[in-house]
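Novice: I have a structure I would like to understand better, so I am pasting it below and will then ask my questions one at a time.
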Amino acid sequence: PDTVVIRIEERVAEAILLVNNRAYEVDGEGVVLRPTEPASAPEMPIITNVPNLTVLEPGTQIVEPAFHNALEVWRAFCSVDLSQELTLSELSAEAANTIRMYCDEIPYEIRWGRTDFYLQAQRFEALWQETGGVLPCAAYLDLRFDNDVVCG
Numbered sequence: 154p155d156t157v158v159i160r161i162e163e164r165v166a167e168a169i170l171l172v173n174n175r176a177y178e179v180d181g182e183g184v185v186l187r188p189t190e191p192a193s194a195p196e197m198p199i200i201t202n203v204p205n206l207t208v209l210e211p212g213t214q215i216v217e218p219a220f221h222n223a224l225e226v227w228r229a230f231c232s233v234d235l236s237q238e239l240t241l242s243e244l245s246a247e248a249a250n251t252i253r254m255y256c257d258e259i260p261y262e263i264r265w266g267r268t269d270f271y272l273q274a275q276r277f278e279a280l281w282q283e284t285g286g287v288l289p290c291a292a293y294l295d296l297r298f299d300n301d302v303v304c305g
């Protein structure tokens with residue numbers, strides 16, 4: 154009865170969130186950890202364009218579905234081998250069903266949303282392997298329509 158037990162659990166940054174030209178480290182539960190520089194964490198996705206966010210304070214938890222879907226897209230993308238070939242530059246989370254991924258090696262955006270992100274990642278990887286990485290896309294590759302993949 155006269156013992157105090159303190160347990161400390163460190164939160165680990167999983168993404169960089171850009172809001173109003175400021176960057177913040179955010180953990181996997183959407184808790185803002187601290188302000189940072191975007192270039193300081195190359196292994197983490199940079200998430201942009203999340204709606205309904207203004208100024209963030211450390212300790213604040215982000216509840217916006219678009220942000221959490223962007224994190225889930227990142228996790229799904231990392232689950233396939235293709236993630237070792239492409240360098241993610243940005244995840245734009247404009248809406249829960251409109252997550253746009255930009256990679257350094259390809260000139261078009263990849264659109265995610267609506268269904269299982271892990272299945273979308275697997276379809277993307279299969280298509281990439283089937284075409285040798287040469288897709289007939291100029292502006293976008295849209296993975297949001299179940300078995301139909303749309304190039305534009």
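In the numbering used here, the protein residues as written are 154 to 305. Yeah, the Cβ is synthetic: ideal placement off N, Cα and C, and Gly gets one too.
For residue 182, write down the residues that DSSP places opposite it in a beta bridge.
Specialist: According to DSSP, which records beta bridges pairwise, residue 182 is partnered with nothing at all.
Novice: Quick one, are the C-beta atoms of residue 287 and residue 295 less than 8 Å apart?
Specialist: Result no, Cβ atoms of residue 287 and residue 295 do not sit closer than 8 Å.
Novice: If you follow the alpha helix (DSSP H) that residue 226 is in, where does it begin and where does it stop?
Specialist: That run of the alpha helix (DSSP H) goes 218-231.
Novice: Is the beta carbon of residue 198 less than 8 Å from the beta carbon of residue 219?
Specialist: Not in contact: residue 198 and residue 219 (Cβ atoms no closer than 8 Å).
Novice: Who are the Cβ neighbours of residue 263 in its own chain at under 6 Å, not counting the five residues just before and after it?
Specialist: So the qualifying residues of the chain are 254, 294.
Novice: Mind checking whether residue 306 and residue 245 have CB atoms under 8 Å apart?
Specialist: No answer is possible for residue 306: it lies beyond the span of the chain, which begins at 154 and ends at 305.
Novice: Looking at the secondary structure, which residues open and close the beta strand (DSSP E) in which residue 278 lies?
Specialist: Not the beta strand (DSSP E): residue 278 falls in the alpha helix (DSSP H), residues 270-284.
Novice: May I ask which residues mark the beginning and end of the beta strand (DSSP E) holding residue 264?
Specialist: Taken as a continuous stretch (DSSP letters only), the beta strand (DSSP E) holding residue 264 covers 262-265.
Novice: Quick check on residue 295: does DSSP put it in helix, strand or coil?
Specialist: Reduced to three states, the DSSP call for residue 295 is strand.
Novice: Distance check for residue 160 and residue 248, CA to CA, integer angstroms please.
Specialist: Near 37 Å, if we compare the C-alpha coordinates of residue 160 and residue 248.
Novice: In the structure shown, what three-state DSSP assignment does residue 235 receive?
Specialist: Reduced to three states, the DSSP call for residue 235 is helix.
Novice: Between the alpha carbons of residue 171 and residue 192, how many angstroms are there, rounded?
Specialist: Cα-Cα distance, rounded: 12 Å.
Novice: Can you tell me whether residue 190 is buried or exposed? The criterion is at least 16 other CB atoms within 10 Å of its CB, across all chains shown.
Specialist: Exposed, by the Cβ-count rule.
Novice: Excluding the 5 residues flanking residue 243 on each side, which residues of the same chain have their C-beta closer than 7 Å to its C-beta?
Specialist: 199, 201, 255, listed in sequence order.
Novice: Quick one: give me the first and last residue of the beta strand (DSSP E) that residue 256 is part of.
Specialist: First-last of the beta strand (DSSP E) with residue 256: 251-256.
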